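Chains as they are written, first to last, in this note's numbering: chain A, 1 to 149; chain B, 150 to 298. Heads up, the beta-carbon is just placed ideally off N, CA and C, and yes, glycines get one too. Bear in mind the structure is a predicted one, so any value in this text is a computation, not a measurement. The structure under discussion appears below in the form of structure tokens.
Number of protein chains: 2
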Amino acid sequence: MAVYKHVLVGLDLSPESRQVMRRVQELLGDSDARISLVHVQEPLSFAYGGDIPMDLGQLQVKLEEQARERLQALAIEDGFERARCHVLIGQPAHEMHRFARENDVDLAVVGSYGRHGLTLIFGSTANGVLHGATCDVLAVRIQPEKADH
Amino acid sequence: MAVYKHVLVGLDLSPESRQVMRRVQELLGDSDARISLVHVQEPLSFAYGGDIPMDLGQLQVKLEEQARERLQALAIEDGFERARCHVLIGQPAHEMHRFARENDVDLAVVGSYGRHGLTLIFGSTANGVLHGATCDVLAVRIQPEKADH
Numbered sequence: 001m002a003v004y005k006h007v008l009v010g011l012d013l014s015p016e017s018r019q020v021m022r023r024v025q026e027l028l029g030d031s032d033a034r035i036s037l038v039h040v041q042e043p044l045s046f047a048y049g050g051d052i053p054m055d056l057g058q059l060q061v062k063l064e065e066q067a068r069e070r071l072q073a074l075a076i077e078d079g080f081e082r083a084r085c086h087v088l089i090g091q092p093a094h095e096m097h098r099f100a101r102e103n104d105v106d107l108a109v110v111g112s113y114g115r116h117g118l119t120l121i122f123g124s125t126a127n128g129v130l131h132g133a134t135c136d137v138l139a140v141r142i143q144p145e146k147a148d149h
Numbered sequence: 150m151a152v153y154k155h156v157l158v159g160l161d162l163s164p165e166s167r168q169v170m171r172r173v174q175e176l177l178g179d180s181d182a183r184i185s186l187v188h189v190q191e192p193l194s195f196a197y198g199g200d201i202p203m204d205l206g207q208l209q210v211k212l213e214e215q216a217r218e219r220l221q222a223l224a225i226e227d228g229f230e231r232a233r234c235h236v237l238i239g240q241p242a243h244e245m246h247r248f249a250r251e252n253d254v255d256l257a258v259v260g261s262y263g264r265h266g267l268t269l270i271f272g273s274t275a276n277g278v279l280h281g282a283t284c285d286v287l288a289v290r291i292q293p294e295k296a297d298h
């Protein structure tokens with residue numbers, strides 16, 4: 001994988017995220033590629049379809065902090081101490097594309113849930129990232145039976 | 150890339166196919182992974198929406214022979230002498246999924262044309278392969294300016 005210089009790993013922070021991280025570890029080996037672990041949080045205004053009252057704004061900040069802590073914990077647990085962690089706010093595929101363009105990412109790695117089960121919730125992210133990416137995209141097939149719960 | 154034991158490389162035999170092959174070469178390095186170069190040809194009956202008269206049947210056979218020759222030529226030109234070449238007939242994503250399942254493929258590599266230009270023609274194949282794949286999928290971003298013509 002020495003061909004890639006900057007690898008973005010998109011993580012939804014589900015238990016299955018660790019399958020994606022393990023695959024990246026296996027693939028990168030002792031490569032000195034730069035690694036960015038990215039979680040994109042949809043803004044609460046997207047979810048509720050309007051402006052955010054003050055308490056929802058505070059909730060957003062709180063959720064963002066929690067996501068950052070969880071991302072950093074995953075990075076340490078899975079041997080990504082040298083990776084940089086980023087929590088972005090917006091539409092997942094769009095934010096990953098933007099980050100990739102602005103940071104010269106040449107490989108984006110995301111989990112892919114296939115046709116069944118969680119596809120309805122997460123499946124579109126891998127497709128969304130693939131569609132419109134300016135870099136290579138590796139979709140790591142999540143194996144439901146191996147999920148860490 | 151030693152983590153992958155059997156790599157399927159899906160090729161549309163366009164000039165851009167060579168970008169995909171070069172990336173696979175770079176990634177595999179001296180790995181001893183099994184490599185299958187696969188081109189899927191849509192049957193003429195799909196294109197014309199009916200049964201194939203005898204002369205179209207002969208044309209199909211001729212097209213299949215030409216595709217096989219082109220695939221084998223690409224394999225030799227790009228240093229894939231040890232790869233096995235397969236021309237399959239059917240719907241591209243479906244045939245690649247079937248081949249992958251039946252042959253224990255753990256990584257499928259396809260070209261991805263992004264949003265512009267050839268997307269309308271080829272873009273759906275990468276998405277189709279991603280959706281429903283039982284293995285990892287690497288979409289190699291085709292760089293239009295580097296296309297070999």
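Item: Local Cβ density within 10 Å of A/D32, reported as buried at 16 or more and exposed below that; Value: exposed
Item: Beta-bridge partners of B/I238, as assigned by DSSP; Value: B/Q190
Item: Three-way DSSP call (helix, strand, coil) for A/G132 in this model; Value: coil
Item: DSSP three-state assignment for B/I225, whether helix, strand or coil; Value: helix
Item: Collapsed DSSP secondary structure at B/D179 in the structure displayed; Value: coil
Item: Whether B/V259 touches B/V278 by CB criterion (7 angstroms); Value: yes
Item: Where the beta strand (DSSP E) containing A/V3 begins and where it ends; Value: Counting along the chain, A/V3 falls outside any beta strand (DSSP E), and DSSP gives it neither H nor E.
Item: Simplified DSSP state of B/L148, which is helix, strand or coil; Value: Lying outside 150 to 298, the shown extent of chain B, residue 148 of chain B is not represented and no answer is given.
Item: Contact the region 65-85 of chain A vs the region 14-24 of chain A: 3+ CB pairs below 8 angstroms; Value: yes
Item: Nearest residue (CA-CA) to B/S261, options B/A151, B/V152 and B/V158; Value: B/V158
Item: Contact set between B/N276 and chain A, taken where Cβ atoms lie within less than 8 angstroms; Value: N127, L130 and H131
Item: Other residues of its chain near A/I142: CB distance less than 7 angstroms, five sequence neighbours each side excluded; Value: E16, Q19, G111, S112 and Y113
Item: 7 angstroms Cβ cutoff met for A/V105 and A/C135; Value: yes
Item: Residues, ordered as in the chain, of the region 165-192 of chain B that lie near chain A by beta-carbon distance below 9 angstroms; Value: R172, E175, L176 and G178
Item: is_contact[A/C85, chain B] using C-beta, thresh 7 angstroms; Value: no
Item: Contact residues within the region 282-294 of chain B, judged by C-beta distance below 8 angstroms to chain A; Value: A282, T283, C284, D285, V286, L287, A288, V289 and R290
Item: N-terminal and C-terminal residue of the beta strand (DSSP E) that A/V110 is part of; Value: L107 to S112
Item: Those residues which DSSP pairs with B/L157 across a bridge; Value: B/S185 and B/A257
Item: Proximal residues to A/Y4 (C-beta, below 7 angstroms), its chain only, five neighbours per side dropped; Value: A33, D106 and L107
Item: C-alpha distance - A/A139 paired with B/A275, whole-angstrom precision; Value: 11 angstroms
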